[in-house]
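Q: One structure, as structure tokens, below. Some questions next.
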Amino acid sequence: MKKVLTILLCTVFLAGLAAQAQNTIDKQGRRQGHWIKIDKDGSKIYEGDFVNGLETGTFTYFYHDGTVRMRNVYFVDGKRCSHEAFDEKGRLIATGFYNQHNRDSVWNFYDEQGRLVKKTSYRMGVKDGQSVIFTSNGDTAEVANWVDNHRHGRWWKRIGRNGYITGRYVKGGLEGRLVEVDDSARIAREGYYRNGFKHGSYRFYESGRLAIDENWTDGRMADRKVLVLTPDAEYVSVYDIACMAPQGKNRVVVYTKDGRKIVSHEPAETLYNRVGNELFAMANRKSRVMVSMRCVEGVSKDSEGRDILKMDPSPDFVIFPDEDCLKMVQSRKYEEHSPLTDD
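Okay, so the sequence shown: first residue is 466 according to this note's numbering, each after it adds one.
Quick look at the structure:
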């Protein structure tokens, strides 16, 4: 056994010496001729030819088990090459060109089944030009334009089967109108950006009907009016809502700060999703009562010693906060992190 092991070690050693013997460096320190690079375990790292220190012809790089990892075919100048990359099972995963070791021109990327999943243009190592992402069945999933590694120009992305979202980038930030269209060709969202921030009107639609109407100033939300599903389809500012209490499966009573009660005929979760959680918190997950934390003044006790929320204005029912709500009231951290202002 020791003899066999010794023979194997000698074979690897001699093979390494033979490979390294081919690796010639001239008096100017330039690599010349055929080179084979071997790691300490005797596995081949790469193989190819040099002329005056520059790669020429085909250079092949290997995984530890000898599977081809990359193949570069160099042009006459030795600075540019075509490139192929393979995974450990020998499947092609990328093709493109290098210019002085920088990605250059169009690169294609493939999945395990050999399908094209992305095509991207580069200029000396940075994204520059059009980038396209494809679905598994070959349809276009996203199109973006790049300049100097920043999104710049029209952007389009598929949503669902027929829906999409599109907008325009300027030096990496959204600028102007963004619109989202659903599978039924109806607008689902539209809004405006300035210098990469939401600015001006921003609206969301449900089945073609306006559901949320926001107003933004340089990335700060000034107001959000939400649809309250009454016979007249009222729109109420989130700043005017004190709390919301479900009454059954498809009925929610909205208590406003000026004392009104508006009955919305829809599931509580639907209304709560429109309202958002920047200003609101669930007072009790069992009863699903939602409260505006800016209307909460603290916690007191009822005659039986139970915790109750002190609200201003106070609704016409008692709110028993659960443990999570109590912790939130005690910490008051919601005031520090809210992006909404009363300005």
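We put the beta carbon where it would ideally sit given N, CA and C, even for glycine.
Of all the alpha helix (DSSP H) runs that stay within the bounds of the stretch 603-677, which reach a length of 4 or more residues?
A: Counting only runs of 4 or more, we get nothing.
Q: Look at residue 776 and residue 707 and say whether their C-beta atoms are less than 8 angstroms apart.
A: Taking 8 angstroms as the Cβ cut-off, residue 776 and residue 707 qualify as a contacting pair.
Q: Residue 679 bridges to which residues according to DSSP?
A: DSSP, once it has assigned bridges, lists 667, 689 as partnering residue 679.
Q: With a 10 Å radius around its C-beta and 16 neighbouring C-beta atoms as the bar for buried, classify residue 473 as buried or exposed.
A: The predicted model places residue 473 with a pLDDT of 46, which falls under 50 and marks its position as unreliable; any figure quoted below should be read in that light. Residue 473 is exposed by the Cβ-count criterion.
Q: Using 10 angstroms around the beta-carbon of residue 487, count the other beta-carbons present and answer buried if the total reaches 16, otherwise exposed.
A: By the 10 Å Cβ count, residue 487 comes out exposed.
Q: Mapping DSSP to helix, strand and coil, what is residue 487?
A: Of the three classes helix, strand and coil, the one that applies to residue 487 here is helix, per DSSP.
Q: For residue 728, list the residues DSSP reports as bridge partners.
A: In the DSSP output, where bridge partners are listed per residue, residue 728 has 718.
Q: Would you check if the distance between the CB atom of residue 640 and the CB atom of residue 659 is smaller than 8 angstroms?
A: Yes. Within cutoff.
Q: Measure the alpha-carbon distance for residue 467 versus residue 508 and round it to whole angstroms.
A: Unreliable placement is indicated for residue 467, whose pLDDT of 48 sits below 50; no coordinate value is reported for it.
Q: Whole angstroms are fine: how far does the CA of residue 511 sit from the CA of residue 503?
A: Going by the C-alpha atoms only, they are around 8 angstroms apart.
Q: Take the Cβ of residue 676 as the centre, count every other Cβ of all protein chains shown within 10 Å, and call the residue buried at 16 or more, exposed below.
A: With 16 or more Cβ atoms within 10 Å of its Cβ, residue 676 is classed as buried.
Q: Could you check the C-alpha separation between residue 629 and residue 726 for me, to the nearest Å?
A: If you take the alpha carbons of residue 629 and residue 726, they lie about 38 angstroms apart.
Q: Buried or exposed, going by whether 16 or more other CB atoms sit within 10 Å of the CB of residue 784?
A: Label assigned to residue 784: buried.
Q: Using the Cα positions of residue 540 and residue 669, report the straight-line distance between them to the nearest angstrom.
A: Answer to the nearest angstrom: the Cα atoms are 54 angstroms apart.
Q: Provide the residue(s) that pair with residue 581 in DSSP beta bridges, ordered along the chain.
A: Partner(s): 575.
Q: In whole angstroms, what is the alpha-carbon distance linking residue 686 and residue 701?
A: Those two C-alpha atoms are separated by around 15 angstroms.
Q: Could you name the residues of the same chain whose beta carbon sits closer than 8 angstroms to that of residue 773, not counting the 5 residues immediately before and after it, in chain order?
A: 764, 765, 766, 767, 783, 784, 785, 786, listed in sequence order.
Q: Measuring alpha carbon to alpha carbon, tell me which residue in 642, 709, 505, 567 is nearest residue 781.
A: The residue with the shortest Cα to Cα distance from residue 781 is 709.
Q: In this structure, how does DSSP classify residue 541 when only helix, strand and coil are distinguished?
A: Here residue 541 sits in coil by DSSP.
Q: Compare the C-alpha of residue 696 against each of 724, 728, 688 and name the closest.
A: Cα-wise, what sits closest to residue 696 is 728.
Q: Going by other Cβ atoms of all chains shown within 10 Å of its Cβ, with 16 needed for buried, is residue 561 buried or exposed?
A: It counts as buried.
Q: Would you kindly report the start and end of the unbroken beta strand (DSSP E) that includes residue 708?
A: Where residue 708 is concerned, the enclosing beta strand (DSSP E) stretches over 706-711.
Q: Expressed to the nearest angstrom, what Euclidean distance is found between the alpha-carbon atoms of residue 692 and residue 619?
A: Spanning the two alpha carbons is a distance of roughly 32 angstroms.
Q: Give me the residue from 734, 737, 703, 713 with the minimum Cα distance to residue 722.
A: Of 734, 737, 703, 713, the residue nearest in Cα terms is 703.
Q: Does residue 517 get closer than 8 angstroms to chain D when you measure Cβ to Cβ?
A: You won't find chain D in this structure, because it holds only one protein chain.
Q: Is it right to say residue 533 is buried, meaning 16 or more other beta carbons lie within 10 angstroms of its own, or is it exposed?
A: Residue 533 comes out exposed.
Q: List the DSSP bridge partners of residue 512.
A: Paired residue(s): 501, 525.
Q: Answer yes or no: do residue 621 and residue 612 have a C-beta to C-beta separation smaller than 8 angstroms?
A: Taking 8 angstroms as the Cβ cut-off, residue 621 and residue 612 do not qualify as a contacting pair.
Q: Among the candidates 591, 694, 586, whose CA atom is the shortest distance from the CA of residue 598?
A: The option with the nearest alpha carbon to residue 598 is 586.
Q: On the DSSP bridge list, what partners appear for residue 560?
A: 549, 573, per the DSSP bridge assignment.
Q: Of all the alpha helix (DSSP H) runs that stay within the bounds of the stretch 748-786, which reach a length of 4 or more residues?
A: Listed in chain order, nothing qualifies, since the stretch 748-786 has no complete alpha helix (DSSP H) run of 4 or more residues.
Q: Which residue's Cα is closest to the Cα of residue 637: 544, 694, 593?
A: The candidate whose alpha carbon is nearest that of residue 637 is 593.
Q: Can you name, in chain order, every residue of its own chain whose Cβ lies under 7 angstroms from the Cβ of residue 443, other than the five neighbours on each side?
A: Limits of the chain in this structure are 466 at one end and 808 at the other, which puts residue 443 out of reach.
Q: Using DSSP bridges, identify the partner residues of residue 740.
A: Answer is none; residue 740 lacks a bridge partner.
Q: So which of 492, 524, 506, 493 has the shortest CA-CA distance to residue 500?
A: The option with the nearest alpha carbon to residue 500 is 524.
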